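In this text, residue positions in the sequence shown follow the working numbering: the first is 165, and each later residue adds one.
Built from N, CA and C at the ideal position, the CB exists for glycine as well.
Since the model is a prediction, treat every value here as computed from it, not as a measurement.
Let me begin by presenting the structure, written as structure tokens, before commenting on it.
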Amino acid sequence: AREDDLTVIQPHSLSFVNSERPSGEIIYNITLPLHPNQGIIEHRDHPHSPIRYFTQEDINQGKIMYRPPTAAPHLQEIMTFSFAGLPESVKFHFTVSDGEHTSPEMVLTIHLLPTDRQPSMSRVTAPLLEVSPGGSTSI
């Protein structure tokens with residue numbers, strides 16, 4: 165994500181699939197949100213409002229976004245706001261549920277790039293876990 169721009173969280177960066185459930189029933193729960201001075205995760209239909217829940221369908225439709233923090237109005241008036249104080253990355257913790265099962269807590273890291281560099285997306289660093297219907301696997 166660029167440090168000064170709204171960034172859509174893309175399905176190739178955050179995606180869970182359950183062949184028995186539509187993507188609108190795969191629900192993410194943000195268990196540890198971003199610190200307020202790191203920005204917010206928001207829904208396109210409710211800009212500037214941090215969210216705690218969203219669906220895979222929201223991600224598939226490009227509705228979940230990272231918004232970096234803004235400068236205080238008095239700073240905006242006297243100088244161009246500098247993002248130099250932001251960390252190189254921010255992260256939030258979440259679980260995913262299909263209505264029957266809930267995942268262990270995971271982390272999504274968003275790497276912040278200076279405005280003069282091209283953006284790249286991060287992805288969940290946990291390995292891929294596939295379980296066939298009726299099957300099981302160790303975590």
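Could you round the C-beta distance between residue i and residue j to whole angstroms and report it? I think they count as a contact, below 8 angstroms.
i	j	result
residue 212	residue 206	7 angstroms
residue 253	residue 266	That pair is no contact at about 26 angstroms.
Using three-state DSSP, classify residue i as helix, strand or coil.
i	result
residue 201	helix
residue 220	helix
residue 179	coil
residue 184	coil
residue 206	strand
Quick check on residue i: buried or exposed, where buried means 16 or more other Cβ atoms within 10 Å of its Cβ?
i	result
residue 222	buried
Taking 6 angstroms as the limit between beta carbons, can you name the residues of its chain near residue i, skipping five residues before and five after?
i	result
residue 261	191
residue 216	194
Given a cut-off of 7 angstroms, decide if residue j and residue i are closer than it, judged by their beta-carbon atoms.
i	j	result
residue 257	residue 178	no
residue 220	residue 187	yes
residue 259	residue 193	yes
residue 231	residue 263	no
residue 229	residue 276	no
Counting only the same chain and skipping the five closest in sequence on each side, list residues whose C-beta sits under 7 angstroms from that of residue i.
i	result
residue 233	201, 202 and 203
residue 214	197, 204, 205 and 206
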